[in-house]
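The listed protein sequences correspond, in order, to chains P and Z. Every letter in the first sequence is one number past the one before it in our numbering, and letter 147, counting from 1, is 147. Every letter in the second sequence is one number past the one before it in our numbering, and letter 248, counting from 1, is 1248. Heads up: the structure comes next, in structure tokens.
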Amino acid sequence: MNRIGGNITIYKVLTIAILVFFLIVSLAPFFLVWSAAFKDKADLIDNIFGIPSTFHFANIQKAWIQGHFGTYYKNSIIVVIPVVLGTILFSITNAYAFAYFRIPAKEIVFGLILLGMTIPMEVVIIQLYYHLLNIGLLNTLRGLVLAQIGMGIPFGTFFLRGTLKEFPKSLVEAAEIDGAGTPRILIKILVPMAGPAIMTLIVFFFTWTWNEFLLTLVIIHKDSLRTLPVGMAFFQGRYVGDTPLVAMGATLMTLPIILLYVALQKYVISGITAGALKE
Amino acid sequence: MKSYRSLYDSTWRGLLYLLPGLLVYVAFILIPVLQTIILGSMEWSGMGPKKFIGIQNYIELIRDPIFLQSLVNNATLILFIMVFPTVLGLFLASIIELNNVVCRKVFEVAFFMPYILSLVVVGVIWRWIYNPAFGVLNEFLRQMGLSSLTHAWLGDSDTALFSVGITGTWVNYGFSMVIFLAGYSKISVNLYDAVALDGGNSWHKFWYVSLPSLTNEIMVVSVYLFINSLKTFDLVYVMTKGGPGYSTNVLSLYVFRNAFQYNRNGYAAALAVTLMFIIFIITLFVTRIRKRYE
């Protein structure tokens, strides 16, 4: 059935043509970069649009080892895991406290946390730099992780508090009468019920942390500690004339994420859009 | 009524849950932000004592041609990062929905793809596309026999900002489309049938049913992308570093430069506070409107 009713096929043809045009616009840059990554310089000049005449896999090793992509990957993973876990954990406990407990001046404290959602990174970094310098965490992944958790907490708290408040109060009251303590109620009842919301948050914080640039640029100066986005920015400066190698760097950064995205697209799209919609 | 005293009435239990997260947030975000606000009225090179200078930084700011240029550039980027993606996303979602297109999932997944990438890698890819000598765009124009149109897209101050902006549009239109599709899925088919009964065409359906039903989504997307265009940093840093001259310089980059390259921390703080203030006002304003609307 056609929602608009009529049998106006010309519109349908036009619609498909427009959509296919934008499909090409969206995807072409990916395919151009992925194929450029496997060409050598001469091949790329002759044949910029086609698939490689021969595949040059040497670029992979060159980017991974000489270009330090192996290190950048390792650092990104070392950062993203504790940030996602930490932010989720603190967001759950914060949300639990705000949604259920009687705490004096609760609304004011919650407002202070909400404020964090509108604060741009630019305002944080200027003093955070000296702050981390003073406590010896500048230029360390630990410093980066703590700052990223701090940035994530406002949104996570806000999002999960909303979720917890939607659950019927009677559920918690019944469990309490049955003699369950507050940790047990949280872990056994509330967290499983909030599963989909937590999944959404995991996706959101993962992409957010994985792609963070400005904060990392300011906190990390050692090349051996750089994460992928910052590593990439310096990598392209180092190999400015070697387009296939830069394209390989871009491929190493995009291809795994795109594959993961296509496999989990349902969660990714709902996670990121829910993140944006609530923000 | 029973007077049952709940565990949830105990403040110290609640604080036990609240304090760890609150502590991280206060220590690493809130305190630096408060310090930055204070720093906005100081002069400080990063070392030695800070000197209180009142609103001097803010006075300098409104006279600073680079700041004003950055503000204009950010305003231009609003067109590319907020207006174009919102309109295009709404258009694409509408033709998909109103024509009941098959394989819509394919389009949804593909159009959203650029949005999940780090803007750094997007910048790197598009810098290659725009490269004057061996870039994809000029090569494409040459092969189409349009050599006269080839251009140093990022190297010319007349086209650099637009070129960066187009990249911003490419990143965001799929994102806005996905949100509008989600909005469309909440609209009842009966409403369209009612319009059809009255003899309305698809334009009427869009104008009288879809558009009013999507007001909330339009507002959310606009504000979100508005804030994103004010915070633009990664794309500009990677693609042009603000150049040529200051033709693509944006507020964030100017904050970064003042703080970490020119050692003008007080001035950087004043710039950052101004940016925060703009974002804060807009958010507050829109939250008000949304509350009234709901």
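Beta carbons: idealized from backbone N, C-alpha and C, even for Gly.
May I ask you to report which of helix, strand or coil DSSP gives P/Lys266?
Against the first sequence, residue 266 of chain P aligns to sequence position 266. It is helical.
At least one CB of chain P closer than 8 angstroms to the CB of Z/Ile1289: is that the case?
Position 289 of the second sequence, counted from the first residue, corresponds to residue 1289 of chain Z. Not an interface residue.
Please report the residue range of the alpha helix (DSSP H) in which P/Pro29 lies.
Position 29 of the first sequence, counting from 1, holds the residue named residue 29 of chain P. Note, P/Pro29: alpha helix (DSSP H), 9 to 36.
Quick one: complete alpha helix (DSSP H) runs, 4+ long, within the segment 1028 to 1114 of chain Z?
Entirely contained in the segment 1028 to 1114 of chain Z, the alpha helix (DSSP H) runs reaching 4 residues are, in chain order, 1031 to 1039, 1056 to 1063, 1065 to 1078, 1084 to 1098.
Please list the partners that P/His131 has in chain Z, where partner means a Cβ-to-Cβ separation under 9 angstroms.
If you number the first sequence from 1, residue 131 of chain P lands on position 131. The answer, in chain order, is Ala1027, Phe1028, Ile1031, Pro1032, Gln1035.
Give me the Cα-Cα distance between P/His131 and P/Ser35, rounded to the nearest whole angstrom.
By 1-based counting over the first sequence, the position of residue 131 of chain P is 131. By 1-based counting over the first sequence, the position of residue 35 of chain P is 35. Using only the alpha carbons, I get a separation of about 45 angstroms.
Taking CB distances under 8 angstroms as the criterion, tell me whether Z/Trp1128 reaches chain P.
Here the question's residue 1128 of chain Z lines up with position 128 in the second sequence. At least one chain P Cβ lies under 8 angstroms of Z/Trp1128.
Helix, strand or coil for Z/Ala1272 per DSSP?
Translated into positions along the second sequence, residue 1272 of chain Z becomes position 272. Here Z/Ala1272 sits in helix by DSSP.
The alpha helix (DSSP H) with Z/Arg1142 in it runs from where to where?
As a first step, residue 1142 of chain Z must be located in the second sequence, where it is residue number 142. Where Z/Arg1142 is concerned, the enclosing alpha helix (DSSP H) stretches over 1136 to 1143.
Roughly how many angstroms lie between the CA atoms of Z/Leu1079 and Z/Ala1110, to the nearest whole one?
To locate residue 1079 of chain Z, count along the second sequence from 1; it is residue 79. To locate residue 1110 of chain Z, count along the second sequence from 1; it is residue 110. The straight-line gap from Cα to Cα measures roughly 23 angstroms.
What three-state label does DSSP hand Z/Leu1007 in the structure shown?
Along the second sequence, read from residue 1 onward, the residue named residue 1007 of chain Z stands at position 7. Residue state, collapsed to three classes: helix.
I'd like to check one pair, P/Ile108 with Z/Ile1029: are the Cβ atoms closer than 8 angstroms?
For the purposes of this step, residue 1029 of chain Z is taken as residue 29 along the second sequence, with counting starting at 1. For the purposes of this step, residue 108 of chain P is taken as residue 108 along the first sequence, with counting starting at 1. Not a contact, by the Cβ cut-off of 8 angstroms.
Ignore the nearest five residues each way along the sequence and tell me which others in Z/Tyr1115's own chain have a CB closer than 8 angstroms to its CB.
The residue labelled residue 1115 of chain Z in the question sits at position 115 within the second sequence. Val1171, Asn1172, Gly1174, Phe1175, listed in sequence order.
For Z/Lys1186, which residues in chain P fall below 9 angstroms Cβ to Cβ?
Translated into positions along the second sequence, residue 1186 of chain Z becomes position 186. Residues of chain P passing the Cβ test: none, with the nearest at roughly 12 angstroms.
Are three or more beta carbon pairs between the segment 209 to 220 of chain P and the segment 134 to 153 of chain P nearer than 8 angstroms?
Cβ pair count under 8 angstroms is three or more, so yes.
How big is the Cα-Cα spacing for Z/Ser1163 and Z/Met1239?
In the second sequence, counting from the first residue as 1, residue 1163 of chain Z sits at position 163. In the second sequence, counting from the first residue as 1, residue 1239 of chain Z sits at position 239. Cα to Cα, Z/Ser1163 sits roughly 10 angstroms from Z/Met1239.
Suppose the cutoff is 6 angstroms on Cβ atoms and the five residues either side in sequence are ignored; what does the same chain contact list for Z/Gly1266 look like?
Your numbering for residue 1266 of chain Z matches position 266 in the second sequence. Closer than 6 angstroms at Cβ, skipping near neighbours: Leu1039, Met1042, Glu1043, Trp1044, Asn1057.
Are the beta-carbon atoms belonging to P/Trp205 and P/Gly143 less than 8 angstroms from one another?
Within the first sequence, residue 205 of chain P is the residue found at index 205, counting from 1. Within the first sequence, residue 143 of chain P is the residue found at index 143, counting from 1. Residue identity check: residue 205 of chain P is Phe in the sequence provided, not Trp. Their beta carbons are not under 8 angstroms apart, which means P/Phe205 does not touch P/Gly143 by this criterion.
Give the single residue among P/Leu112, P/Leu128, P/Gly86, P/Ile187 whose Cα lies nearest to the Cα of P/Ile220.
As a first step, residue 220 of chain P is located in the first sequence; it is residue number 220 there, counting from the start. Of the candidates P/Leu112, P/Leu128, P/Gly86, P/Ile187, the one whose C-alpha sits nearest the C-alpha of P/Ile220 is P/Leu128.
Please tell me whether Z/Ile1066 and Z/Tyr1254 are closer than 8 angstroms, where the distance is taken between their beta carbons.
The residue labelled residue 1066 of chain Z in the question sits at position 66 within the second sequence. The residue labelled residue 1254 of chain Z in the question sits at position 254 within the second sequence. Taking 8 angstroms as the Cβ cut-off, Z/Ile1066 and Z/Tyr1254 qualify as a contacting pair.
Exposed or buried, what is P/Asn134 when buried is set at 16 or more other beta-carbons lying within 10 Å of its beta-carbon?
Counted from its first residue, the first sequence places residue 134 of chain P at position 134. Label assigned to P/Asn134: exposed.
Comparing the C-beta of Z/Glu1043 with each C-beta of chain P, is any distance below 8 angstroms?
As a first step, residue 1043 of chain Z must be located in the second sequence, where it is residue number 43. Chain P contact via Cβ: absent.
Please list, in chain order, the residues of the segment 1257 to 1276 of chain Z that have any C-beta partner in chain P closer than 7 angstroms.
Under the 7 angstroms Cβ criterion, the segment 1257 to 1276 of chain Z contributes Ala1259, Phe1260, Asn1265, Ala1268, Ala1269, Ala1272, Val1273, Leu1275, Met1276.
Does DSSP put P/Arg226 in a helix, a strand or coil?
In the first sequence, residue 226 of chain P corresponds to position 226, counting from 1. If DSSP states are grouped into helix, strand and coil, P/Arg226 belongs with coil.
Which runs of the alpha helix (DSSP H) at least 4 residues long sit entirely within the segment 48 to 120 of chain P? Give them in chain order.
You should have 58 to 61, 69 to 100, 106 to 118.
Contact criterion: CB-CB distance below 8 angstroms. Does Z/Val1120 meet it with respect to chain P?
Numbered from its first residue, the second sequence carries residue 1120 of chain Z at position 120. Yes, contact with chain P.
Taking the alpha-carbon positions, what's the P/Thr87 to P/Ile198 distance?
Taking the first sequence and counting its residues from 1, the one referred to as residue 87 of chain P is at position 87. Taking the first sequence and counting its residues from 1, the one referred to as residue 198 of chain P is at position 198. Cα-Cα distance, rounded: 11 angstroms.
How long is the line joining the alpha carbons of Z/Thr1287 and Z/Arg1104, rounded to whole angstroms?
Your numbering for residue 1287 of chain Z matches position 287 in the second sequence. Your numbering for residue 1104 of chain Z matches position 104 in the second sequence. Z/Thr1287 and Z/Arg1104: Cα-Cα distance of roughly 32 angstroms.
Going by Cα to Cα distance, which pick from Z/Ala1269, Z/Arg1292, Z/Leu1251 is closest to Z/Asn1073?
As a working note, residue 1073 of chain Z is residue 73 in the second sequence. Per the Cα distances, Z/Leu1251.
Measure the beta-carbon distance from Z/Val1223 to P/Val123 and round it to whole angstroms, keeping in mind my assumption that it falls under 8 angstroms.
Locating residue 1223 of chain Z in the second sequence gives position 223, counting from the first residue. Locating residue 123 of chain P in the first sequence gives position 123, counting from the first residue. No, Z/Val1223 and P/Val123 are not in contact; Cβ-Cβ is about 19 angstroms, not under 8 angstroms.
How about Z/Val975 and P/Thr254: are their beta carbons less than 8 angstroms apart?
Chain Z is shown from 1001 up to 1294; residue 975 of chain Z falls before or after that span and cannot be answered.
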